[in-house]
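Novice: Using UniProt numbering, the first residue of the sequence shown is number 1, and each one after it goes up by one.
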Amino acid sequence: MTVPTPQTASAAVQLPVALIVAATHASLGIGRAGTLPWRLPTDMALFRLVTSAPGGSTASSQPAVVMGRKSWESIPKKFRPLRNRVNVVLSRTVTDFGPGTHTFSSLSQALSALSPTPPPASTIPPVSSIYIIGGAEIYTEAFKHPATSRVFLTTVYADEEALQCDTFLPDFRSTGEWEQKPTADLRRLLNDLECHEAVQLIPEDGDRVKENGLEYAFSLWEKRR
Ligand SMILES: NC(=O)c1ccc[n+]([C@@H]2O[C@H](COP(=O)([O-])OP(=O)(O)OC[C@H]3O[C@@H](n4cnc5c(N)ncnc54)[C@H](OP(=O)(O)O)[C@@H]3O)[C@@H](O)[C@H]2O)c1
1 MTVPTPQTAS
11 AAVQLPVALI
21 VAATHASLGI
31 GRAGTLPWRL
41 PTDMALFRLV
51 TSAPGGSTAS
61 SQPAVVMGRK
71 SWESIPKKFR
81 PLRNRVNVVL
91 SRTVTDFGPG
101 THTFSSLSQA
111 LSALSPTPPP
121 ASTIPPVSSI
131 YIIGGAEIYT
141 EAFKHPATSR
151 VFLTTVYADE
161 EALQCDTFLP
171 DFRSTGEWEQ
181 KPTADLRRLL
191 NDLECHEAVQ
201 LIPEDGDRVK
211 ENGLEYAFSL
221 WEKRR
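#1: Rounding to the nearest angstrom, what Cα-Cα distance links V199 and I138 in this structure?
#2: Going by the C-beta, is residue 253 closer than 6 Å to any heavy atom of ligand 1?
#3: Please determine if the segment 156-166 and the segment 86-99 are in contact, where contact requires at least 3 C-beta pairs separated by less than 8 Å.
#4: Where does H196 sit, in a helix, a strand or coil, going by DSSP?
#5: Excluding the 5 residues flanking E215 on each side, which residues of the same chain have their C-beta closer than 6 Å to its C-beta?
#6: Can you check which of these residues, E211, F172, R83, is closest to R224 by C-alpha distance?
#7: Taking P16 as the reference, which of L49, V65, N191 has the closest Cα?
#8: With a threshold of 16 other CB atoms inside 10 Å of the CB of H196, please say whether the residue is buried or exposed.
#9: As an exercise, report each continuous alpha helix (DSSP H) stretch of at least 4 residues that is fully enclosed by the segment 94-158, in chain order.
#10: Beta-carbon separation of I20 and F152 under 7 Å?
#11: Rounded C-beta distance between L46 and L201? I'm assuming under 8 Å.
#12: When you measure from the CB of V50 to every non-hydrogen atom of ligand 1, does any distance come out below 6 Å?
#13: Which term fits F79, buried or exposed, when burial requires 16 or more other beta carbons within 10 angstroms of its beta carbon?
#14: Using CA coordinates, which residue listed in P99, G34, R39 is at the minimum distance from N212?
#15: Just to confirm, is the Cβ distance from P125 to V89 under 7 Å?
#16: Spatial neighbours of S61 within its chain, please: C-beta separation below 8 Å, excluding the five flanking residues on both sides.
#17: Kindly indicate which three-state DSSP category W221 falls into: helix, strand or coil?
#18: Taking Cβ positions, are E194 and E222 nearer each other than 7 Å?
#19: If you count every other CB in all the chains shown that lies within 10 Å of the CB of Q164, and 16 or more means buried, which is it?
#20: For L107, collect the residues of the same chain with a Cβ closer than 7 Å to its Cβ; drop the 5 residues on either side in sequence, then sort them by chain order.
#21: Report all residues from its chain with a CB closer than 8 Å to the CB of G176; omit the five preceding and five following residues, and keep chain order.
#22: Please state if the CB of G68 and the CB of G135 are separated by a distance shorter than 7 Å.
#23: With the cut-off set at 7 Å, would you say F218 and T154 are in Cβ contact?
Next comes the structure, spelled out in C-alpha cells:
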C-alpha cells in the first residue's frame, strides 16, 4: 500500500502516459456488466506485450499499469497482479488491494509517484513507462491529464446493438486534440519500445484481424502539440 505525501501529490509527472484500450468503432463501447464484451486473443496478446515491454528500461525497472478498482476486480484472481508490471489501483474507498499492488486515491497522485528513480523511502519500484489500462472512469480522467500523450486503440467493428456495451470511452477522436498516426508509425514505435513480438501481430497495411466472429484493427493516436 502507498500513502502519498503532499510532496508526491504535487510533483510533476516524470514519464509520458499512454492509454491502451479496445473500443467499438461507432460508440466507443468498452465494457458490459463489469467485464469485456468480447474475447479477442490477439488483442490480449498485444496488450500483454506492449504493457510489459522493457522500452529501454534498466534491469530493475518495469512498466506500470494504472487501473480503476472495478477493472482490477474484473481481472481473474489467478492473473493478478499482472506479471512483470507495477500494478497501480485507484480507489477512493479501498486502501490496499494486496501484495504486488500500489493504491492511490487520485490519478494525479499516482502518476506523480511513478518514477524511473523513486526516492529511497518509496515503496514503489522504479518505473520505465506508464500505461492507463481502464476502465471508463480512469480513461476519462486520463484523457484530461496533461501527461497523457498517446493512445493505443484497438477498434472493434461489430454490431453495436448486439454487443450491448454499457461502458464507453469519451469520443476523444472528435475533439481535434488527437491525431491518428499511420500504421507504419505504430510499428516503428513498438520497435523503439523493444516490443518486437508485438509488431508481428500488427498487419502492415492496417488490415483488420478477424477473431471469434469480430473484426478489429490496431491504431496509434497522439496528442497534437
Ligand atoms: N475494452 C477495454 O479495453 C477495457 C479496459 C479496461 C476495462 N474495461 C471495462 O470497463 C469496465 C469498468 O470501467 P468503470 O468505468 O466501470 O470502472 P473503473 O474505471 O475500472 O473503476 C472505477 C473505480 O475506480 C475508482 N476511481 C475512479 N476514478 C478515480 C479517481 N480519480 N481517483 C481514485 N479512484 C478512482 C473508484 O473506486 P472506488 O469505488 O473503490 O472508490 C471507481 O469506482 C468493465 O466493464 C471493464 O471490463 C474495458
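Where is the CB? At the ideal position from N, CA and C, for every residue including glycine.
Being a predicted model, the structure only gives us computed values, none of them experimental.
Specialist: Taking the structure as given:
#1: Working through the sequence shown from its first residue, we reach residue 199 at position 199. Working through the sequence shown from its first residue, we reach residue 138 at position 138. Cα-Cα distance, rounded: 27 Å.
#2: Within the shown structure, residues of the chain are numbered from 1 to 225, placing residue 253 beyond reach of any answer.
#3: When Cβ pairs closer than 8 Å are counted between the two stretches, the segment 156-166 is seen not to touch the segment 86-99, the count staying below three.
#4: Taking the sequence shown and counting its residues from 1, one reaches residue 196 at position 196. Looking at H196 - three-state DSSP - the assignment turns out to be helix.
#5: Here residue 215 refers to the residue found at position 215 of the sequence shown. Only Y157, R208 meet the Cβ criterion.
#6: One-based indexing of the sequence shown puts residue 224 at position 224. Looking only at E211, F172, R83, the smallest Cα-Cα distance to R224 is reached by F172.
#7: In the sequence shown, the residue the question calls residue 16 occupies position 16. The candidate whose alpha carbon is nearest that of P16 is V65.
#8: Working through the sequence shown from its first residue, we reach residue 196 at position 196. Exposed, since its Cβ has fewer than 16 Cβ neighbours within 10 Å.
#9: Within the segment 94-158, the complete alpha helix (DSSP H) runs of at least 4 residues are 107-113, 136-144.
#10: Counting from 1 along the sequence shown, the entry for residue 20 is found at position 20. Counting from 1 along the sequence shown, the entry for residue 152 is found at position 152. Yes, these two residues count as a Cβ contact at 7 Å.
#11: For the purposes of this step, residue 46 is taken as residue 46 along the sequence shown, with counting starting at 1. For the purposes of this step, residue 201 is taken as residue 201 along the sequence shown, with counting starting at 1. The distance from the Cβ of L46 to that of L201 is about 5 Å, consistent with a contact at the 8 Å cut-off.
#12: Position 50 of the sequence shown, counting from 1, holds the residue named residue 50. Checking every heavy atom of ligand 1 against the Cβ of V50, none is found closer than 6 Å.
#13: The count along the sequence shown starts at 1 and reaches residue 79 at position 79. It counts as exposed.
#14: Mapped onto the sequence shown, residue 212 falls at position 212. Looking from the CA of N212, the closest CA among P99, G34, R39 belongs to R39.
#15: Looking up residue 125 in the sequence shown gives position 125. Looking up residue 89 in the sequence shown gives position 89. No.
#16: In the sequence shown, the residue the question calls residue 61 occupies position 61. These residues qualify, in order along the chain: P116, P125, P126, V127, S128.
#17: Residue numbering aside, residue 221 sits at position 221 when the sequence shown is read from its first letter. Looking at W221 - three-state DSSP - the assignment turns out to be strand.
#18: One-based indexing of the sequence shown puts residue 194 at position 194. One-based indexing of the sequence shown puts residue 222 at position 222. No, they are not a contact pair.
#19: Within the sequence shown, the letter at position 164 stands for residue 164. It is exposed - the Cβ of Q164 has fewer than 16 other Cβ atoms within 10 Å.
#20: Here residue 107 refers to the residue found at position 107 of the sequence shown. L90, I138, E141, A142, H145, listed in sequence order.
#21: Position 176 of the sequence shown, counting from 1, holds the residue named residue 176. Closer than 8 Å at the Cβ level, and outside the excluded window around G176, lie R224.
#22: Residue mapping note: residue 135 aligns to position 135 of the sequence shown, counting from 1. Residue mapping note: residue 68 aligns to position 68 of the sequence shown, counting from 1. Judged by their CB atoms, G135 and G68 are nearer to each other than the 7 Å cut-off.
#23: The residue given as residue 218 occupies position 218 in the sequence shown. The residue given as residue 154 occupies position 154 in the sequence shown. Their beta carbons are under 7 Å apart, which means F218 touches T154 by this criterion.
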